[in-house]
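Engineer:
Protein chains: 2
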Amino acid sequence: MKGRLGGGSVPPTFDQVKRIGKSIIPESGSERRSVRIEEVARIAGVAPITVSRALRQPGRVSEEKRLKIQQAVEATGYASNPHARALRSGRSNIVAAFVSNIVSQQFGLAVQSCAEVLEPHGFQLMIGQTSYSYARETSMIQSLMALRPAAVLFTGVVELEENRSFLRELGVPVVETWAFPPDPIDMLVGFSNTDGGRMVAQHFAAQRYRRVAFIGRSGGRGQLRLGGFRDGARSSGLELVAELSLDTVSGLSDGQQALNQLLNDYEKIDAVFCANDLIATGALLEASRRGLNMPSDIAIAGFGDSDLAAEIPPGLTTIRINCRLIGRRAGEKLLARLNGATDGSSSETVALEIVKRGST
Amino acid sequence: MKGRLGGGSVPPTFDQVKRIGKSIIPESGSERRSVRIEEVARIAGVAPITVSRALRQPGRVSEEKRLKIQQAVEATGYASNPHARALRSGRSNIVAAFVSNIVSQQFGLAVQSCAEVLEPHGFQLMIGQTSYSYARETSMIQSLMALRPAAVLFTGVVELEENRSFLRELGVPVVETWAFPPDPIDMLVGFSNTDGGRMVAQHFAAQRYRRVAFIGRSGGRGQLRLGGFRDGARSSGLELVAELSLDTVSGLSDGQQALNQLLNDYEKIDAVFCANDLIATGALLEASRRGLNMPSDIAIAGFGDSDLAAEIPPGLTTIRINCRLIGRRAGEKLLARLNGATDGSSSETVALEIVKRGST
DNA sequence: TTGTACGCGTTATCAG
DNA sequence: CTGATAACGCGTACAA
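As given, the protein sequences belong to chains A and B, one line each in that order.
In this text, residue positions in the first sequence follow the working numbering: the first is 1, and each later residue adds one.
In this text, residue positions in the second sequence follow the working numbering: the first is 361, and each later residue adds one.
(1) Where does the unbroken beta strand (DSSP E) through residue 484 (chain B) begin, and where does it stop?
(2) Spatial neighbours of residue 476 (chain B) within its chain, please: C-beta separation below 6 Å, excluding the five flanking residues on both sides.
(3) Under 8 Å Cβ-Cβ, which residues of chain B neighbour residue 148 (chain A)?
(4) Can you find the residues in the same chain that come closer than 6 Å, C-beta to C-beta, to residue 634 (chain B), ignoring five residues on each side of it along the sequence?
(5) Relative to the alpha-carbon of residue 362 (chain A), which residue among A:160, A:185 and A:233 has its alpha-carbon at the smallest distance?
(6) Closer than 9 Å, Cβ to Cβ, to anything on chain B: give me those residues from the segment 179-192 of chain A, in chain order.
(7) Out of curiosity, what's the CA-to-CA distance linking residue 509 (chain B) and residue 448 (chain B)?
(8) Do residue 245 (chain A) and residue 288 (chain A) come within 8 Å of each other at the CB atom, strictly closer than that value?
(9) Could you tell me which residues DSSP puts in a beta bridge with residue 678 (chain B)?
(10) Between the C-alpha atoms of residue 466 (chain B) and residue 664 (chain B), what's the straight-line distance to the nearest angstrom?
(11) Find the nearest neighbour of residue 432 (chain B) within the set B:516, B:411 and B:629, judged by alpha-carbon distance.
(12) For a contact defined as C-beta to C-beta under 9 Å, what are the partners of residue 486 (chain B) on chain A?
(13) Which residue or residues does DSSP assign as beta-bridge partners of residue 217 (chain A)?
(14) Would you mind reading off the limits of the alpha helix (DSSP H) that contains residue 400 (chain B)?
(15) Following the continuous alpha helix (DSSP H) through residue 597 (chain B), name the residue where it begins and the one where it ends.
(16) Please find out if some non-hydrogen atom of the ligand FMN comes closer than 7 Å to the beta-carbon of residue 137 (chain A).
(17) With a 10 Å radius around its C-beta and 16 neighbouring C-beta atoms as the bar for buried, classify residue 598 (chain B) as buried or exposed.
(18) Using a cut-off of 9 Å between C-beta atoms, extract the partners of residue 204 (chain A) located in chain B.
(19) Give the straight-line distance between the Cα atoms of residue 499 (chain B) and residue 74 (chain A), rounded to the nearest whole angstrom.
(20) Is there contact between the segment 219-236 of chain A and the segment 410-424 of chain B, where contact requires at least three CB pairs shorter than 8 Å?
(21) If you compare alpha carbons, which of A:160, A:134, A:125 and A:159 is closest to residue 151 (chain A)?
(22) Check whether the Cβ atoms of residue 259 (chain A) and residue 272 (chain A) lie closer than 8 Å to each other.
(23) Is the beta carbon of residue 357 (chain A) less than 8 Å from the beta carbon of residue 299 (chain A)?
(24) Measure the CB-CB distance between residue 391 (chain A) and residue 221 (chain A) and report whether it falls below 8 Å.
(25) So residue 111 (chain A) and residue 155 (chain A) are in contact, right, with Cβ under 8 Å, and what is the actual spacing, rounded?
(26) Would you kindly check if the distance between the Cβ of residue 563 (chain B) and the Cβ of residue 714 (chain B) is under 8 Å?
(27) Does the CB of residue 706 (chain B) have a neighbour CB from chain A at under 8 Å?
(28) Grab the span of the alpha helix (DSSP H) containing residue 271 (chain A) for me, first residue to last.
(29) At a CB distance below 9 Å, what residues from the segment 40-59 of chain A approach chain B? Give them in sequence order.
(30) Would you mind stating whether residue 630 (chain B) and residue 572 (chain B) have Cβ atoms separated by less than 8 Å?
(31) Return the first residue and the last residue of the alpha helix (DSSP H) that residue 278 (chain A) is part of.
(32) Residue 626 (chain B): buried (16+ other C-beta within 10 angstroms of its C-beta) or exposed?
(33) Flag this pair as yes or no: are the beta carbons of residue 225 (chain A) and residue 251 (chain A) separated by less than 8 Å?
(34) Going residue by residue through the segment 472-526 of chain B, where are the continuous beta strand (DSSP E) segments of at least 3 residues, counting only ones entirely within it?
(35) Would residue 732 (chain B) pass as an interface residue toward chain A - the criterion being a Cβ-Cβ separation below 8 Å?
(36) If the cut is a Cβ gap below 8 Å, which residues of chain B does residue 71 (chain A) touch?
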């Protein structure tokens, strides 16, 4: 049943939203002009450049003037104009974050954690969605880079050489994530998708499943996970019966259809590894719909540990990614570089763990 | 079971990430300096200001020069420096979006849809998370507003009078959402939470439930939804047995505990309205755990239609919010204002619908 | 340690 | 319709 209140012709009722504090009525004619560095300087009795230095390199200004300036800043509520600063210095306080999908909870957590690290230091996170499209990635990079960001975060790795060169030449710190390539653009806080796939194969072997299959996207991380799964299956003596490739994965129905096809085309499959939790959840629902018992009739494993994974009966076995840690470490690495660190060891990984639930 | 590959001491395997296209090796010593308006002007044989006009107000430049300028722009790949433009004109091409929680799928969809409308017109969305905290909201507003955004989007309404005044004085278009107050700051694309609560009460009455209860946050939209629910319960002759207030809702466990408490403290409750789907999903899981049959033993309804709602058995009855439409309309309204529209009728609502599933 | 002079790249203003 | 001029607010470069 779907319906609208009263059939749709009744005007909506106002919400009585509470208001907090007193309304500030601006004096008529008051110019809302922001405080400039010059005014702070006048009040503190110094030159504008000294105020600038006191704020950006406190060590290079005498204690006495620094205090006076601080008082003047507080009295006026001065905050520097980010555009003027960026125009002059060629670098803004914006950190550009590129995600393939804004709505993804996984990426959201990582970006959020990264923002929590950077914001206290005066950086603003700007988020661009690349929508799993190379063309959009390129155009987003072009337009966000015009803002001269202080640093760049990718939830994922950049595959286009064109964009890799561009980012490298800019000379700003870049962090890639969500994979573990040997040749990152700059820094990396990732994990090995290959190992994740292998972990699933080893888990299947430990559970005594023999005939196994794979469902996943034909590109990107799906292929990396498949590579590890193949490898693990081989060394554990599993029989990899089928590899099903999907072009795009947009909803649960893709996983449902894929499992359906798999079960129609092949017989006696013990266990299926789905390259992400969305596919796995769809497959799990399809198995339930068919009246299959998990894991005795069929076992299913996913990748990512989305919040659905724990809740959908009988619970989805999956590989957990510590998204918060990835974001936090990425933020810390960027910050270190922004503060002048030049050390190597710029690649690090975050451990994956397999979470066993009812589906295997 | 939780575990790490090989006990955690094995180094991670490299992912063989594919690379696309040829690596562009920059000529050594090549200055990566961006094209300025002056160069375009020189090539087109006009003054810089004419280039500026041709790009921003094509109507005010002769056809002949406009074409020459366009060619020069394409030949050089010129893109204006957003900071210089913002510094001079006092307005950037940034649109500030404030969300209470970045990770929320609902808000994410709205923000995404809004971005899809604005980006083709050259605007960049900048996202700030207020974390359901007044202090953070105020500080985020202060720092994002320093960027002189062209427009502002809130997924929610602003309650602090201090911030309301501040935003009003800035004179940039502002859209609030997710509620329907009589006095928005500027523009509004919302819905009536009060009506939503009333719809649930009417649905409960239609299903012949009598003794009903409410679980929700003690502030914000939860209270608005409770208001409508109370009203609808009264006029439909329902008995509102209990109203359970939660201070914060951070996960499914909050809803589980709340239902637990409700069922321990009160007898014979027919139906429970949970002010959002997170609480409702937790309550639903708790009911299942207790072996209660839905809806015969107890009925549960939520608000929001999150993606969990449809999947968790027996399916959660809930109020669907058209997040995409909200975002799209918000973007369109901002765009209209940015293009000089000054029309009134700045408040509009998006219809809610109740989606009946197995839980009622 | 502090200050002077200037320029970052663009657009508002006003004159032609 | 087009252009000359100046200014947006700050920080670099260099001098004192």
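Idealized CB from N, CA, C, for every residue including glycine.
Structural biologist: Let me spell this out:
(1) 484-489
(2) none
(3) 443
(4) 575, 640, 643 and 662
(5) Residue 362 (chain A) lies beyond the stretch modelled for chain A, which goes from 1 to 360, so this question has no answer here.
(6) 179, 180, 181, 182, 183, 190, 191 and 192
(7) 14 Å
(8) no
(9) B:715
(10) 8 Å
(11) B:411
(12) 94, 124, 125, 126 and 127
(13) A:246
(14) 397-404
(15) Element bounds for residue 597 (chain B): n/a, residue is neither H nor E.
(16) You won't find the ligand FMN in this model; it holds no ligand whatsoever.
(17) buried
(18) Going along chain B, no residue has its Cβ under 9 Å from residue 204 (chain A), so there is no contact; the nearest lies around 13 Å.
(19) 15 Å
(20) no
(21) A:125
(22) yes
(23) no
(24) Any answer about residue 391 (chain A) is impossible in this case: the structure gives chain A only from 1 up to 360.
(25) 7 Å
(26) yes
(27) no
(28) First-last for residue 271 (chain A): 271-274, but that is the beta strand (DSSP E), not the alpha helix (DSSP H).
(29) none
(30) yes
(31) 277-289
(32) exposed
(33) no
(34) 484-489 and 511-515
(35) A question about residue 732 (chain B) goes unanswered here, because the residues of chain B that appear run from 361 up to 720.
(36) Chain B residues near residue 71 (chain A): none, gap ~20 Å exceeds 8 Å.
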